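In terms of this note's numbering, the sequence shown opens at residue 813 and continues consecutively.
Cβ atoms here follow ideal geometry from the backbone N, Cα and C, with glycine treated the same way.
All values derive from a computational prediction rather than experimental measurement.
Down below is the structure, laid out as structure tokens.
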Amino acid sequence: MPQDRPPLRRSQPAARPEAAAHAHLRFIRETMARTGTFTAVPGWGGVAMGGTAVAAAWIAHQQPTVSAWLAVWAAEALIGFLIGLWATLLKARRSSAPVLSGQGRKFFLGLLPAVLVGVALTLAVYGFELDPTSKYDPRSIPVVSSLSLHLLPGIWLLCYGAGVAAAGTFSVRLVPMMGTAFMLIGAIALLAPSGWGDAFLALGFGGIHVVFGALIVRKHGG
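Structure representation (structure tokens):
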């Protein structure tokens, strides 16, 4: 009587070497994206943002009203955002760094809350404490807007610096250092005479962006 034998199992076809290699490479890239740093922070983009901020500070200093002064800085915020976004996408494309996933997504999510706080505080000050038609004279600010207008430059620098420092935990070491520098300038701006706001904004958004942008170019590429 023939001995019973277990049924033979069909072996699964071996994966093609090319497919297996691609799967391993994809796994390695995803792991590095989750555990690495976001290196697409633009250096030359930061330098350009600094240049436009210095120009905006000079233009804002000439404005006759609070509303016009705020409009100049709102326009500069938009211009700086577009420059930074374009430069980041360009550098990310050259270095194949993910922007909307992994550390890139964490970087932008880290930056966003503090920036939104700055926007909310600006709208609150503009809507409830400032008279938009008040004459803007940085050498002699009207009493009705002296406190609020004096605080805005420091608030902007502090909020932006906090966002950059938070985002920098997912990026190269220079980025959180830059955020700390913004916060330091912002804290000093809050304590400085009321007519120095544009000077501190030029020093912060202008000078710090230029200096750290150049350092990023030197150490991590443009």
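Between which two residues does the alpha helix (DSSP H) harbouring residue i extend?
i: Thr-877; result: Note, Thr-877: premise wrong, no alpha helix (DSSP H); not H, not E.
i: Leu-1027; result: 1021–1032
i: Phe-1017; result: No alpha helix (DSSP H) contains Phe-1017, which DSSP labels as neither H nor E.
i: Ala-1011; result: 1009–1013
Can a CB atom of chain C be found closer than 8 Å to the CB of residue i?
i: Ala-993; result: Considering every chain present, this structure includes no chain C. It has just one protein chain.
Can you give the beta carbon distance from residue i to residue j, rounded, assuming they're within the 8 Å contact cut?
i: Ala-999; j: Gly-1033; result: The Cβ separation is near 32 Å, so there is no contact.
i: Ala-1001; j: Gly-1009; result: 7 Å
Do residue j and residue i count as a contact pair if the criterion is CB distance below 8 Å?
i: Gly-858; j: His-1021; result: yes
i: Phe-982; j: Lys-918; result: yes
i: Ala-904; j: Leu-1013; result: no
i: Thr-900; j: Val-929; result: no
i: Gly-855; j: Ile-1028; result: yes
i: Lys-1031; j: Leu-961; result: no
i: Gly-1025; j: Gly-862; result: yes
i: Gly-892; j: Thr-864; result: yes
i: Gly-916; j: Pro-910; result: yes
i: Ala-872; j: Trp-885; result: yes
i: Val-802; j: Leu-964; result: Nothing in the structure corresponds to residue 802, since the chain is present only between 813 and 1034.
i: Thr-851; j: Val-984; result: yes
Identify the residues that DSSP records as bridge partners of residue i: which are they?
i: Phe-850; result: Ser-983
- Does the pairing of the region 847–856 with the region 1007–1017 give three or more beta-carbon distances under 8 Å? no
- Between the region 891–899 and the region 967–984, are three or more C-beta pairs nearer than 8 Å? Remark: fewer than three beta-carbon pairs, one from each stretch, lie closer than 8 Å, so the region 891–899 and the region 967–984 are not flagged as touching.
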